[in-house]
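See below for the structure under consideration.
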Amino acid sequence: MRYYFGGQDGRKVKQERAIQLLVIGMAQRLMAMTLTTSIG
Numbered sequence: 011m012r013y014y015f016g017g018q019d020g021r022k023v024k025q026e027r028a029i030q031l032l033v034i035g036m037a038q039r040l041m042a043m044t045l046t047t048s049i050g
């Protein structure tokens, strides 16, 4: 994933990484909510 980008694409890579982190955080929150609701 990281061998094809040059100096220009560094910004895009950072953006994609931030989006990935956001998506992972939202997924974790959803999982926690479903777990708590199913347990309680």
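In the working numbering, the protein residues as written are 11 to 50. Note that beta-carbon positions come from the ideal geometry of N, C-alpha and C, so glycine has one too. Being a predicted model, the structure only gives us computed values, none of them experimental.
Beta-carbon contacts of residue i that lie in its chain and below 6 angstroms, excluding the five residues immediately before and after
| i | result |
| --- | --- |
| R39 | none |
Beta-carbon contacts of residue i that lie in its chain and below 7 angstroms, excluding the five residues immediately before and after
| i | result |
| --- | --- |
| Q30 | none |
Sequence-distant residues of its chain with Cβ nearer than 8 angstroms to residue i (five each side left out)
| i | result |
| --- | --- |
| V33 | none |
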